[in-house]
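Okay, so here's the structure we're looking at.
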Amino acid sequence: MVTAPQDGQITNWLNWSAAELVHSLEDNKQEAEWLLSSLLNCSKSELYLQKNELSEEQCELFQDWISRRIKGEPAQYIAGWTEFYGHRFNVNKSVLIPRAETERLVDVAIYTLQELEKHQIVDIGTGSGCIAISVAAEIPSASVLGLDISPEALVTAEENASINKLLNVQFLQTDFLQFTPSEPVYDGLLMNPPYIPTNEMDTLMKEVRDYEPDLALTDHEDGLTFYRHLADTAQKWVHPGGWLILEVGLGEHPQKATACFDTKGFAQLELIADFNTDDRILKVQVV
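In my numbering, the protein residues as written are 726 to 1012.
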């Protein structure tokens, strides 16, 4: 353990925090910069231009943040925010931290759905609202509804819609597995469901397994519950000719998720790779 600085000089606190994190993280310097810039509400580059010193209160808070990070708590939860698709999102332990690979789902949704005549879009398991809000921002003519079973998550999603000044997105508490519309009203359905099988939960990184909401990670079965249910009910959600755009897991999961729809007679199926060349998006046309 490195002795904390006795003054408020920013470079001293950066050096101290990077040294504290060195045994826990490979990118210790970058994380130290990100956390301190979040604390001071400035960019990383501005850190090195700051002439003001940290106050005593800021020093104490930053020490607490670094202690929490050493124990494994994700930096995004500690700072209370993250960036996704060029937008700022509040995050907390009631929502999954938005991942870079999920931006691919947003890409596919935008180029697929903006070509349609109508843009009624639903986002299942919206969490922080990152998918719904990002799509709503890129397709201003769209009307987007984010659904989630968690009231706490929906509070965060509403905050994020307000932060990003979007009026074409709304949120509603619904249990997707227990509710089916009486008739289709949507042109596109987006979903990043809990797809980690129960027997793979122990393989997750500690900071994911111990801190992120279980509800958003696993279906407590084989990781296919939401795909099977959607394959059975898609025609009740989406108009013929509309699209399902879904995130899938790694390994054999993309093929297993695809099979859920293939066996139900969906003919227009496409797996799309993310930026790591892994198949991560399943695109299905409703007939």
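Where is the CB? At the ideal position from N, CA and C, for every residue including glycine. This structure is a prediction, so every number in the text was calculated from the model and none was measured.
Who are residue i's beta bridge partners in DSSP?
i, result
"Gln898", "Asp873"
"Thr943", "Ile921"
"Tyr911", "Val963"
"Thr807", "Phe814"
"Ile970", "Leu915, Lys1008"
"Gln845", "Ser868"
For residue i versus residue j, is the C-beta spacing smaller than 7 Å?
i, j, result
"Trp962", "Pro918", "no"
"Ala965", "Val910", "Here residue 965 turns out to be Pro, not Ala, going by the sequence shown. Contact flag unset, no."
"Val820", "Val860", "no"
"Thr899", "Leu872", "yes"
"Ala800", "Glu771", "no"
"Ala743", "Gln788", "no"
"Ile864", "Asn885", "no"
"Ala867", "Ile835", "no"
"Arg706", "Asp999", "For the chain, the structure presents residues 726 to 1012; residue 706 sits outside this window and is missing."
"Leu879", "Phe896", "yes"
"Trp1034", "Leu760", "In the structure displayed, the chain extends from 726 to 1012; residue 1034 sits before or after that span and is not available."
"Thr943", "Ile921", "yes"
"Val869", "Ile997", "no"
"Lys754", "Ser762", "no"
"Leu969", "Val933", "no"
For the beta strand (DSSP E) containing residue i, name the first residue and the last one.
i, result
"Ile997", "994-998"
"Arg953", "Per DSSP, Arg953 belongs to no beta strand (DSSP E); it is in the alpha helix (DSSP H), 950-962."
"Asp815", "This sequence places Asn at residue 815; Asp is not what is there. That run of the beta strand (DSSP E) goes 812-815."
"Lys1008", "1004-1010"
"Ile795", "Note, Ile795: premise wrong, no beta strand (DSSP E); alpha helix (DSSP H) at 781-795."
Whole angstroms are fine: how far does the CA of residue j sit from the CA of residue i?
i, j, result
"Pro876", "Cys855", "16 Å"
"Asp1004", "Asp947", "19 Å"
"His812", "Glu977", "32 Å"
"Thr983", "Phe904", "22 Å"
"Val973", "Arg953", "13 Å"
"Glu758", "Ala941", "29 Å"
"Asp927", "Leu971", "24 Å"
"Leu739", "Cys985", "50 Å"
"Leu975", "Glu782", "44 Å"
"Asn924", "Lys981", "16 Å"
"Met916", "Ala882", "15 Å"
"Ser749", "Arg793", "11 Å"
"Ala862", "Leu891", "7 Å"
"Gly850", "Phe901", "8 Å"
"Ser853", "Ile822", "8 Å"
"Ile735", "Ala804", "18 Å"
"Gln731", "Asn1001", "44 Å"
"Cys767", "Ser780", "16 Å"
"His844", "Tyr802", "33 Å"
"Leu994", "Met930", "31 Å"
"His945", "Ala956", "19 Å"
"Val747", "Ala992", "51 Å"
What distance in whole Å lies between the Cβ atoms of residue j and residue i, which are believed to be in contact at a cut-off of 8 Å?
i, j, result
"Glu798", "Gly733", "Glu798 to Gly733, Cβ: 24 Å. No contact."
"Leu841", "Asp912", "5 Å"
"Asn815", "Ile888", "7 Å"
"Glu745", "Val727", "6 Å"
"Pro938", "Lys818", "7 Å"
Could you pull the start and end residues of the alpha helix (DSSP H) that residue i belongs to?
i, result
"Arg934", "931-934"
"Val831", "828-838"
"Ile864", "No alpha helix (DSSP H) holds Ile864; DSSP gives it neither H nor E."
"Leu746", "735-746"
"Val979", "Checking the displayed sequence, the identity of residue 979 turns out to be Pro instead of Val. 978-987 is the extent of the alpha helix (DSSP H) around Pro979."
"Ser768", "Counting along the chain, Ser768 falls outside any alpha helix (DSSP H), and DSSP gives it neither H nor E."
From the beta carbon of residue i, is the nearest beta carbon of chain B less than 7 Å away?
i, result
"His954", "In the structure shown, chain B cannot be found, because there is only a single protein chain."
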